[in-house]
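Below you'll find the structure, written out as structure tokens, and then a few comments.
Number of protein chains: 2
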Amino acid sequence: MDPHLLTTFVTVARHGSFSAAAAELGYTQSAISQQIAALEADLGLVLLGRRPVEPTPAGRRLLEHAEPLLLRLRAARADVLRAAALPRHRLRLAATPLAVNAVVAARLARARAQQPRLDVTLVTCGREQVAALVAEGEADLGLADGIAAPSDPLRLPDTGPMTTVGIAEEDLVVALPGDHPLAGRAALRLADLVDARWLQTPLCPLARLRDLVGDGFPAALEYQGDDVHTLLNLVAAGHGLTLLPSSALPAGAAARGVPLASPRLVHRVELLHGALPPGSAADLARTLSA
Amino acid sequence: MDPHLLTTFVTVARHGSFSAAAAELGYTQSAISQQIAALEADLGLVLLGRRPVEPTPAGRRLLEHAEPLLLRLRAARADVLRAAALPRHRLRLAATPLAVNAVVAARLARARAQQPRLDVTLVTCGREQVAALVAEGEADLGLADGIAAPSDPLRLPDTGPMTTVGIAEEDLVVALPGDHPLAGRAALRLADLVDARWLQTPLCPLARLRDLVGDGFPAALEYQGDDVHTLLNLVAAGHGLTLLPSSALPAGAAARGVPLASPRLVHRVELLHGALPPGSAADLARTLSA
DNA sequence: GAGGGTCCATCAGTGTTGCTTATAGCAGGT
DNA sequence: ACCTGCTATAAGCAACACTGATGGACCCTC
Numbered sequence: 114m115d116p117h118l119l120t121t122f123v124t125v126a127r128h129g130s131f132s133a134a135a136a137e138l139g140y141t142q143s144a145i146s147q148q149i150a151a152l153e154a155d156l157g158l159v160l161l162g163r164r165p166v167e168p169t170p171a172g173r174r175l176l177e178h179a180e181p182l183l184l185r186l187r188a189a190r191a192d193v194l195r196a197a198a199l200p201r202h203r204l205r206l207a208a209t210p211l212a213v214n215a216v217v218a219a220r221l222a223r224a225r226a227q228q229p230r231l232d233v234t235l236v237t238c239g240r241e242q243v244a245a246l247v248a249e250g251e252a253d254l255g256l257a258d259g260i261a262a263p264s265d266p267l268r269l270p271d272t273g274p275m276t277t278v279g280i281a282e283e284d285l286v287v288a289l290p291g292d293h294p295l296a297g298r299a300a301l302r303l304a305d306l307v308d309a310r311w312l313q314t315p316l317c318p319l320a321r322l323r324d325l326v327g328d329g330f331p332a333a334l335e336y337q338g339d340d341v342h343t344l345l346n347l348v349a350a351g352h353g354l355t356l357l358p359s360s361a362l363p364a365g366a367a368a369r370g371v372p373l374a375s376p377r378l379v380h381r382v383e384l385l386h387g388a389l390p391p392g393s394a395a396d397l398a399r400t401l402s403a
Numbered sequence: 114m115d116p117h118l119l120t121t122f123v124t125v126a127r128h129g130s131f132s133a134a135a136a137e138l139g140y141t142q143s144a145i146s147q148q149i150a151a152l153e154a155d156l157g158l159v160l161l162g163r164r165p166v167e168p169t170p171a172g173r174r175l176l177e178h179a180e181p182l183l184l185r186l187r188a189a190r191a192d193v194l195r196a197a198a199l200p201r202h203r204l205r206l207a208a209t210p211l212a213v214n215a216v217v218a219a220r221l222a223r224a225r226a227q228q229p230r231l232d233v234t235l236v237t238c239g240r241e242q243v244a245a246l247v248a249e250g251e252a253d254l255g256l257a258d259g260i261a262a263p264s265d266p267l268r269l270p271d272t273g274p275m276t277t278v279g280i281a282e283e284d285l286v287v288a289l290p291g292d293h294p295l296a297g298r299a300a301l302r303l304a305d306l307v308d309a310r311w312l313q314t315p316l317c318p319l320a321r322l323r324d325l326v327g328d329g330f331p332a333a334l335e336y337q338g339d340d341v342h343t344l345l346n347l348v349a350a351g352h353g354l355t356l357l358p359s360s361a362l363p364a365g366a367a368a369r370g371v372p373l374a375s376p377r378l379v380h381r382v383e384l385l386h387g388a389l390p391p392g393s394a395a396d397l398a399r400t401l402s403a
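The listed protein sequences derive, respectively, from chains A and B. Numbering-wise (my numbering), the first sequence opens with residue 114 and increments by one. Numbering-wise (my numbering), the second sequence opens with residue 114 and increments by one.
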């Protein structure tokens, strides 16, 4: 199965048109038609209907495999080039917003003090994007955060042989409105909040809570952003509860944070990297992991 | 990056010889030489030294990516073909030995009763092999087991879009010799067994215990087999402790099983499958998951 | 030192592949 | 009926991938 044909297939399926895919890929319609025919002949299956150009069930299944496969191919190339590259001082660090907490920021500052020539560009994005950027060589290092049991690795998308190192863990709190009946408690258990209204957020996916505790945790509102200020305002206004790292609630915040006692969970930050030959990136990774 | 060239590269590296790789792949030495040159030109790197033919650091990095990549390509092909295939009654079920406990076996028997034409071949192998066989289409369904927190999915190798369903969970016990000082306890905590001697086994990798509890758990002996009878004899003879599902210790066994109270862990069995069009395999999967 | 064997690199020749251009057929709209 | 847009197919040609031959390097034996 040729990745070249796979790329063509994915592009055609996205556009629903041979001609449009040809334009995007810089081929003629005829070449595209022949490439799709070759892929279909190789597998002995019809992968796309014609008029309209839509994937068959088998084609849909192949599409599910194609994107991760093509990403992994890009990752392999990037990682090999990285393993052989000369050290650079200008680095890109991809991070989820909440991954750069005070501990991590302090270590970053220490790294800058130790390496005067270090030049770091910090890019924030979602957890999946962090993994992809590092894998594809678009970022030198990644920082990803999430909810996990203590010392339990985060579940990141697998993009090939990549190293993850846990670098920070912090207690979680349940963020409640200040006037919530449970706001005065010393600690809370998730099992007692099963029927409360919750916010669906990237940090606190409700499916994860259901995995840990069981059914419940209705999503009253979904917030796909990462801005803590907005999140706290949504909580304070009564839209729903969420879990946050304790340091994310400054004194005087609109919402109140009550420590989570059960199940035993933490906000965990992990460093991601591929090949790490000696140089600035390796030094930065070491300092961030210290 | 062409998978064809990758396959050649992997084969040459394995043999340490262009000529031997040529013989295995059915090409001439000249073709192999040109393929490796093409791959090196594509990446702009020397991947293999010559005389002796050994991977460079960059080549070694590429080898780490190559095997999973090639497996995923095979998996994509197999899964697409499976999605489009006609239903068959002759199925292959790949399972780790301890995954087929009494609950699972009973469900399998129920499936056979419900589908008189069902013909299942059960193949036992290691956890990684289960995932690979299912991914590559060599098995229709897989059953894998391991130690996990309740409701926490097992960590299986990622071979592409595959579905895993937890189908059984069972308490774990610490297997001790009958005359062990702790054998009479009602329950045990792992933290109290940190300095005991342990067996390194596929089911109970000591690295996992260290992740959960911390340093310790010295490996007194490694047993790579899966035979519970042998394992119990090793325990009874004082070679070391291990964790086993409670049902694995029959009455009168040579070793004694004491329930594990902390941390909260279970023996978990999961069903693995790729594309599952309507038919015997889908019916079997449904019955096994019930 | 001479001779022989093994192994990889490179060249020339040849069949295969992958692209472009041209054309045919189909569907939908006016 | 005519026009437009779209995909399939055929023919032509450059590029690619393989084989067979050859050269050079290295090692071993006499």
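The C-beta atom is built at its ideal place from N, Cα and C for all residues, glycine as well. Just so you know, these numbers come straight off a predicted model, no measurement behind them.
Task: C-alpha gap between Q227 (chain A) and G297 (chain B), whole angstroms - done: By one-based count along the first sequence, residue 227 (chain A) stands at place 114. By one-based count along the second sequence, residue 297 (chain B) stands at place 184. Straight-line Cα distance between these residues: approximately 56 Å.
Task: Contact with chain B by P170 (chain A), beta-carbon distance below 8 Å - done: Residue mapping note: residue 170 (chain A) aligns to position 57 of the first sequence, counting from 1. Judged by the 8 Å Cβ criterion, P170 (chain A) is in contact with chain B.
Task: Limits of the beta strand (DSSP E) - the one that T276 (chain B) falls within - done: Position 163 of the second sequence, counted from the first residue, corresponds to residue 276 (chain B). From DSSP, the beta strand (DSSP E) with T276 (chain B) extends over T276 to P290.
TODO: For E177 (chain A), go through chain B and note every residue whose CB falls closer than 7 Å to its CB, in chain order.
DONE: Translated into the one-based positions of the first sequence, residue 177 (chain A) becomes position 64. Simply P274.
Open item on the list: Looking at D278 (chain B): is its Cβ nearer than 8 Å to the Cβ of E383 (chain B)?
Closed with: Residue numbering aside, residue 278 (chain B) sits at position 165 when the second sequence is read from its first letter. Residue numbering aside, residue 383 (chain B) sits at position 270 when the second sequence is read from its first letter. Rather than Asp, the amino acid found at residue 278 (chain B) in this sequence is Val. Yes, the Cβ-Cβ distance between V278 (chain B) and E383 (chain B) is below 8 Å.
- [ ] State yes or no: is the beta carbon of P229 (chain B) nearer than 8 Å to at least one beta carbon in chain A?
- [x] One-based indexing of the second sequence puts residue 229 (chain B) at position 116. For P229 (chain B), the answer is no, since every Cβ of chain A falls outside 8 Å of its Cβ.
Open item on the list: For a contact defined as C-beta to C-beta under 7 Å, what are the partners of D192 (chain A) on chain B?
Closed with: Translated into positions along the first sequence, residue 192 (chain A) becomes position 79. In chain order: R174 and H178.
TODO: Express the C-alpha separation of A262 (chain B) and G172 (chain B) in angstroms, rounding to a whole number.
DONE: As a first step, residue 172 (chain B) must be located in the second sequence, where it is residue number 59. As a first step, residue 262 (chain B) must be located in the second sequence, where it is residue number 149. Cα to Cα, G172 (chain B) sits roughly 38 Å from A262 (chain B).
Task: C-alpha gap between G365 (chain B) and L345 (chain B), whole angstroms - done: For the purposes of this step, residue 365 (chain B) is taken as the residue at position 252 of the second sequence. For the purposes of this step, residue 345 (chain B) is taken as the residue at position 232 of the second sequence. If you take the alpha carbons of G365 (chain B) and L345 (chain B), they lie about 11 Å apart.
Open item on the list: So for Q242 (chain B), helix, strand or coil by DSSP?
Closed with: Residue numbering aside, residue 242 (chain B) sits at position 129 when the second sequence is read from its first letter. Three-state result, Q242 (chain B): helix.
- [ ] Could you tell me whether the Cβ of D328 (chain B) comes closer than 8 Å to any Cβ of chain A?
- [x] By one-based count along the second sequence, residue 328 (chain B) stands at place 215. Cβ-Cβ to chain A under 8 Å: no for D328 (chain B).
Open item on the list: Cβ closer than 8 Å: which chain B residues qualify as neighbours of L362 (chain A)?
Closed with: By 1-based counting over the first sequence, the position of residue 362 (chain A) is 249. Result: empty, since nearest Cβ-Cβ is about 27 Å, beyond 8 Å.
- [ ] Flag L186 (chain B) as yes if its beta-carbon sits less than 8 Å from any beta-carbon of chain A, otherwise no.
- [x] For the purposes of this step, residue 186 (chain B) is identified with residue 73 of the second sequence, where counting begins at 1. Chain A, which has a Cβ nearer than 8 Å to the Cβ of L186 (chain B), makes this yes.
- [ ] Report the rounded CA-to-CA distance for L269 (chain B) versus L385 (chain B), giving the unit in angstroms.
- [x] For the purposes of this step, residue 269 (chain B) is identified with residue 156 of the second sequence, where counting begins at 1. For the purposes of this step, residue 385 (chain B) is identified with residue 272 of the second sequence, where counting begins at 1. Cα to Cα, L269 (chain B) sits roughly 10 Å from L385 (chain B).
TODO: May I have the straight-line CA-CA distance separating D284 (chain B) from V326 (chain B), to the nearest angstrom?
DONE: In the second sequence, counting from the first residue as 1, residue 284 (chain B) sits at position 171. In the second sequence, counting from the first residue as 1, residue 326 (chain B) sits at position 213. The straight-line gap from Cα to Cα measures roughly 18 Å.
Open item on the list: For L118 (chain B) and A188 (chain A), what's the separation of their Cα atoms in angstroms?
Closed with: Here the question's residue 118 (chain B) lines up with position 5 in the second sequence. Here the question's residue 188 (chain A) lines up with position 75 in the first sequence. One C-alpha to the other measures close to 17 Å.
Task: DSSP three-state assignment for P229 (chain A), whether helix, strand or coil - done: Within the first sequence, numbered from 1, the residue matching residue 229 (chain A) stands at position 116. P229 (chain A): coil per DSSP, three-state reduction.
Task: CA-to-CA distance, A136 (chain A) to R127 (chain A), given in whole angstroms - done: Counted from its first residue, the first sequence places residue 127 (chain A) at position 14. Counted from its first residue, the first sequence places residue 136 (chain A) at position 23. Each residue's Cα considered, the two are about 13 Å apart.
- [ ] Give a yes or no on whether 8 Å exceeds the smallest Cβ distance from L325 (chain B) to chain A.
- [x] Translated into the one-based positions of the second sequence, residue 325 (chain B) becomes position 212. Yes - at least one Cβ of chain A is within 8 Å of the one on L325 (chain B).
TODO: With DSSP as the reference, label S375 (chain B) as helix, strand or coil.
DONE: Stepping through the second sequence from its first residue, residue 375 (chain B) is reached at position 262. In the structure shown, S375 (chain B) sits in a strand (DSSP, three-state: E or B).
Task: Limits of the unbroken alpha helix (DSSP H) element including T314 (chain A) - done: Start at 1 with the first residue of the first sequence, and residue 314 (chain A) comes out as number 201. No alpha helix (DSSP H) contains T314 (chain A), which DSSP labels as neither H nor E.
Open item on the list: Strictly by DSSP, which residues pair up with L199 (chain B)?
Closed with: Counting from one through the second sequence, the residue named residue 199 (chain B) turns up at place 86. L199 (chain B) is not bridged to any residue.
- [ ] Please say whether V371 (chain B) and L319 (chain B) have beta carbons closer to each other than 8 Å?
- [x] One-based indexing of the second sequence puts residue 319 (chain B) at position 206. One-based indexing of the second sequence puts residue 371 (chain B) at position 258. No, the Cβ-Cβ distance between L319 (chain B) and V371 (chain B) is not below 8 Å.
Open item on the list: Output needed for L322 (chain A): all residues of its chain with C-beta closer than 7 Å, excluding positions within five of it in sequence on either side, in chain order.
Closed with: Indexing the first sequence from 1 puts residue 322 (chain A) at position 209. Closer than 7 Å at Cβ, skipping near neighbours: L303 and F330.
Task: Whole-number beta carbon distance between V286 (chain A) and L357 (chain A), since they are thought to touch under 8 Å - done: Locating residue 357 (chain A) in the first sequence gives position 244, where the first residue counts as 1. Locating residue 286 (chain A) in the first sequence gives position 173, where the first residue counts as 1. Indeed they touch by this definition, with Cβ atoms about 6 Å apart.
Open item on the list: Please tell me whether L301 (chain A) and A374 (chain A) are closer than 8 Å, where the distance is taken between their beta carbons.
Closed with: Against the first sequence, residue 301 (chain A) aligns to sequence position 188. Against the first sequence, residue 374 (chain A) aligns to sequence position 261. Contact flag set, yes.
Open item on the list: Taking the beta carbon of P200 (chain B) as the centre, do at least 16 other beta carbons fall within 10 Å, making it buried, or is it exposed?
Closed with: Numbered from 1 along the second sequence, position 87 holds the residue referred to as residue 200 (chain B). So P200 (chain B) counts as exposed.
Open item on the list: At the 8 Å Cβ level, is D284 (chain B) part of the contact set with chain A, yes or no?
Closed with: Taking the second sequence and counting its residues from 1, one reaches residue 284 (chain B) at position 171. So, not an interface residue.
TODO: Please name the residue, chosen from B:L160, B:A248 and B:L204, that lies closest to G387 (chain B) on a Cα-to-Cα basis.
DONE: Here residue 387 (chain B) refers to the residue found at position 274 when the second sequence is read from its first residue. Comparing Cα-Cα distances from G387 (chain B) to each of B:L160, B:A248 and B:L204, the minimum goes to B:A248.
- [ ] Could you work out which residues of chain A lie near S264 (chain B), taking near to mean beta carbons separated by less than 7 Å?
- [x] Sequence index remark: in the second sequence, residue 264 (chain B) carries index 151 (1-based). By Cβ distance, chain A contributes D324 and L325.
- [ ] Take D339 (chain B) and list the residues in its own chain whose beta-carbon comes closer than 6 Å to its own, dropping the five residues that flank it on each side.
- [x] Position 226 of the second sequence, counting from 1, holds the residue named residue 339 (chain B). Cβ within range, chain order: P210.
TODO: Give me the Cα-Cα distance between L184 (chain A) and C238 (chain A), rounded to the nearest whole angstrom.
DONE: In the first sequence, residue 184 (chain A) corresponds to position 71, counting from 1. In the first sequence, residue 238 (chain A) corresponds to position 125, counting from 1. So the alpha carbons of these two residues sit roughly 17 Å apart.
Task: Collapsed DSSP secondary structure at G255 (chain A) in the structure displayed - done: Numbered from 1 along the first sequence, position 142 holds the residue referred to as residue 255 (chain A). For G255 (chain A), the secondary structure class from DSSP, reduced to helix, strand or coil, is strand.
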